[in-house]
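Engineer:
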Amino acid sequence: MDGHDPDDDPGDGGRSGPVTHDDTRWVGYVRADHRTGSIAALAGVFATRGVNVDSMATGDVHDDAGLVVVTFRAGDRRARLLARTVERLPQVRSVLLRVADDERVRAAAVVRLPPGVAFQPPPEASVRWSGDTATGDPLLVEGPLADVELTVEAARAAGAHADAAVIQPPYA
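So this is what it looks like as structure tokens:
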């Protein structure tokens, strides 16, 4: 045996190609020990498999474990390979992988528009929101990630000059 694990083969002979339009956007929720090196080990798994991390956020630390939320693009097979490989890291307690447009992937955002610009989320966006942007209040929006992103893009088109978004921890 040469020590090669066939499950570690992404199906392309180890080469990493460019992201294609066929690649799916994924959200990975990784519960890991809150200790030095956990983030580096997680990032290393993606780097050694040629997958770019779109975003990585930390938070929700309880009982010496933290939640790391990672977004990336990959085909189904490569995404599942990444999840299995991350699960094998000694500091990782659990991994949950979801397609980014899954309704259970929830997000929240805060958007600032110039005073006097009245804005409401697009009618097709299934979000909860508050804030009277015409009077200078920030727009607070929460809902499925895809709908929150749609709302933020519409706000940018309407002149938004600042925004921040976060993917919420999984609840189910």
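Here the sequence shown stands for residues 96 to 267, where the numbers follow this note's numbering.
For glycine and all other residues, C-beta sits at the position ideal for the given N, C-alpha and C.
#1: Just confirm the distance between the C-beta atoms of V200 and P216, as a whole number of angstroms; I'd bet it's less than 8 Å.
#2: Ignore the nearest five residues each way along the sequence and tell me which others in L184's own chain have a CB closer than 6 Å to its CB.
#3: Would R251 be called buried (16 or more neighbouring beta carbons within 10 Å of its own) or exposed?
#4: So F167 is in the beta strand (DSSP E); what residue range does that whole segment cover?
#5: Please return the same chain residues whose Cβ sits closer than 8 Å to the Cβ of D97, not counting the five positions on each side in sequence.
#6: One question on the structure: do V205 and P233 come within less than 8 Å of each other, judged by their Cβ atoms?
#7: Here's a check: name, in chain order, each residue in its chain whose Cβ is nearer than 8 Å to the Cβ of G139, leaving out the five neighbours to either side.
#8: F167 to G211, Cα distance in whole Å?
#9: Out of A127, G170, E198, D155, point me to the one whose CA is closest to G145's CA.
#10: I think W121 touches A174, with their Cβ atoms under 8 Å apart; what is that distance to the nearest whole Å?
#11: Around the C-beta of T230, are 16 or more other C-beta atoms found within 10 angstroms, so that it is buried, or is it exposed?
Structural biologist: With the given structure in hand:
#1: Rounded, the Cβ-Cβ distance is 18 Å, inconsistent with contact.
#2: Within the same chain, L184 has close Cβ partners A136.
#3: Exposed, since its Cβ has fewer than 16 Cβ neighbours within 10 Å.
#4: Its beta strand (DSSP E) spans residues 160–169.
#5: Confidence at D97 is low in this model, with a pLDDT of 34, below 50, so the placement of that residue should be treated as unreliable; the coordinate-derived value is given next. Closer than 8 Å at the Cβ level, and outside the excluded window around D97, lies no residue.
#6: In terms of Cβ geometry, V205 and P233 form a close pair [threshold 8 Å].
#7: Correct list: empty, nothing qualifies.
#8: Each residue's alpha carbon lies about 37 Å from the other.
#9: Distance from the Cα of G145 is smallest, within the candidate group A127, G170, E198, D155, for G170.
#10: With a Cβ gap of about 5 Å, W121 and A174 count as contacting.
#11: That one is exposed.
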